[in-house]
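Protein chains in written order, with this note's numbering: chain A, 29 to 140; chain B, 146 to 258. Even for Gly, the Cβ is constructed at its ideal location relative to N, Cα and C. Given the structure is predicted, the values throughout are model-derived calculations rather than measurements.
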């Protein structure tokens, strides 16, 4: 089992719709959870971080964390073509030293 | 722009050679992490440096080594380069060590021939 798993996609949604991206992780002791957006040929850009169970909203983005079920999700409301990118889920573990583990990413296409 | 800078932007090396990549952290950040990203994959954690000490390491062989300097800038050194080391190398800085949010630089594209 991979430590951080994401559906590779592509996920295709129409402009204005809600895009829902999911991620599961294997280490129950994981402490922090991140969503990054990566455009082709660019480095990852941090869009959300969450440390506690529940929802965290920032503009059109909502991160949801459920530690009991070991999943974290990202909702993008009113999706725009400029949101088309690869979304990376990352989880930080502390197992004799800190490690941040990334999933392979989900490709999102927003159709105009 | 995150304020994290990396040099060089691109690099071509021959198998067996050694390479040094450099990173300057965002102002006020004392922690730097290094990642390797192969095409179509997520970044793979190499190690993290917090206040000049290694604070965590991923599953990379010892020929991947690093340094952090008193100004919190950092170097990644790779010895005995292999073809599979060809990748985008990313540096990320954070305000504190441990599990806090990280901000990435633009990366260094390394090609090993």
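Review point. In chain order, what residues of the same chain have a beta carbon less than 6 angstroms from the beta carbon of residue 128 of chain A, not counting five sequence neighbours either side?
Key: Walking along the first chain from the start, residue 128 of chain A turns up at place 100. Same-chain partners within the cutoff: 118 and 120.
Review point. Using the C-alpha atoms, what's the distance from residue 91 of chain A back to residue 77 of chain A?
Key: To locate residue 77 of chain A, count along the first chain from 1; it is residue 49. To locate residue 91 of chain A, count along the first chain from 1; it is residue 63. Their backbone Cα atoms lie some 8 angstroms apart in a straight line.
Check your understanding: So, helix, strand or coil for residue 110 of chain A, using DSSP?
Key -> Position 82 of the first chain, counted from the first residue, corresponds to residue 110 of chain A. Note: residue 110 of chain A maps to helix in three-state DSSP.
Check your understanding: Whose C-beta lies closer than 7 angstroms to the C-beta of residue 206 of chain B among residues of the same chain, with five residues either side of it excluded?
Key -> For the purposes of this step, residue 206 of chain B is taken as the residue at position 61 of the second chain. So the list is empty, once near-sequence residues are dropped.
Exercise for review: For residue 175 of chain B, collect the residues of the same chain with a Cβ closer than 6 angstroms to its Cβ; drop the 5 residues on either side in sequence, then sort them by chain order.
Suggested key: Reading the second chain from its first residue, position 30 is the one you call residue 175 of chain B. These residues qualify, in order along the chain: 196 and 217.
Exercise for review: Taking 8 angstroms as the cut-off, decide whether the C-beta atoms of residue 72 of chain A and residue 249 of chain B are in contact.
Suggested key: Start at 1 with the first residue of the first chain, and residue 72 of chain A comes out as number 44. Start at 1 with the first residue of the second chain, and residue 249 of chain B comes out as number 104. Their beta carbons are under 8 angstroms apart, which means residue 72 of chain A touches residue 249 of chain B by this criterion.
Check your understanding: Within the 8 angstroms Cβ cut-off, does residue 235 of chain B reach chain A?
Key -> Locating residue 235 of chain B in the second chain gives position 90, counting from the first residue. It does: the Cβ of residue 235 of chain B has a partner Cβ on chain A nearer than 8 angstroms.
Practice item. Anything in chain B within Cβ reach of residue 125 of chain A, meaning under 7 angstroms, just list it in chain order. Key: Along the first chain, read from residue 1 onward, the residue named residue 125 of chain A stands at position 97. Here the neighbours are 200, 201 and 202.
Check your understanding: Of the residues B/244, B/215 and B/253, which one's Cα is nearest the Cα of residue 222 of chain B?
Key -> Position 77 of the second chain, counting from 1, holds the residue named residue 222 of chain B. It is B/253 whose Cα lies nearest to the Cα of residue 222 of chain B.
Check your understanding: When the distance is taken between beta carbons, is residue 237 of chain B closer than 8 angstroms to residue 194 of chain B?
Key -> The residue given as residue 194 of chain B occupies position 49 in the second chain. The residue given as residue 237 of chain B occupies position 92 in the second chain. Cβ distance not < 8 angstroms, so residue 194 of chain B and residue 237 of chain B don't count as in contact.
Point to revise | Three-state secondary structure assigned by DSSP to residue 86 of chain A | key: Position 58 of the first chain, counted from the start, is the residue given in the question as residue 86 of chain A. If DSSP states are grouped into helix, strand and coil, residue 86 of chain A belongs with the strands.
Practice item. Give the DSSP-derived three-state secondary structure of residue 166 of chain B in the structure shown. Key: Working through the second chain from its first residue, we reach residue 166 of chain B at position 21. Three-state result, residue 166 of chain B: strand.
Point to revise | Own chain partners of residue 38 of chain A with C-beta closer than 6 angstroms, once the 5 adjacent residues on each side are dropped | key: Position 10 of the first chain, counted from the first residue, corresponds to residue 38 of chain A. Within the same chain, residue 38 of chain A has close Cβ partners 135 and 137.
Point to revise | Span separating the alpha-carbon of residue 190 of chain B from that of residue 57 of chain A | key: Locating residue 190 of chain B in the second chain gives position 45, where the first residue counts as 1. Locating residue 57 of chain A in the first chain gives position 29, where the first residue counts as 1. Roughly 18 angstroms between the two C-alpha positions.
Review point. Comparing the C-beta of residue 99 of chain B with each C-beta of chain A, is any distance below 8 angstroms?
Key: Limits of chain B in this structure are 146 at one end and 258 at the other, which puts residue 99 of chain B out of reach.
Review point. Got a sec, what are the start and stop residues for the beta strand (DSSP E) residue 70 of chain A sits in?
Key: Residue 70 of chain A sits at position 42 when you count from the first residue of the first chain. Neither: residue 70 of chain A is in no beta strand (DSSP E) and is coded neither H nor E.
Exercise for review: Pull up the distance between the alpha-carbon of residue 209 of chain B and that of residue 86 of chain A, whole angstroms please.
Suggested key: Locating residue 209 of chain B in the second chain gives position 64, counting from the first residue. Locating residue 86 of chain A in the first chain gives position 58, counting from the first residue. Taking the straight line from one Cα to the other gives about 37 angstroms.
Point to revise | Endpoints, the beta strand (DSSP E) within which residue 254 of chain B is located | key: Position 109 of the second chain, counting from 1, holds the residue named residue 254 of chain B. Note, residue 254 of chain B: beta strand (DSSP E), 253-257.
Exercise for review: Quick one: using the 10 Å Cβ neighbour count with 16 as the cut-off for buried, is residue 67 of chain A buried or exposed?
Suggested key: Residue 67 of chain A sits at position 39 when you count from the first residue of the first chain. Residue 67 of chain A is exposed by the Cβ-count criterion.
Point to revise | Own chain, CB closer than 8 angstroms to residue 158 of chain B, minus 5 neighbours either side, in chain order | key: Along the second chain, one-based indexing puts residue 158 of chain B at 13. Closer than 8 angstroms at Cβ, skipping near neighbours: 164, 226, 255, 256, 257 and 258.
Check your understanding: Is it right to say residue 162 of chain B is buried, meaning 16 or more other beta carbons lie within 10 angstroms of its own, or is it exposed?
Key -> Here residue 162 of chain B refers to the residue found at position 17 when the second chain is read from its first residue. When all chains shown are included, residue 162 of chain B counts as exposed.
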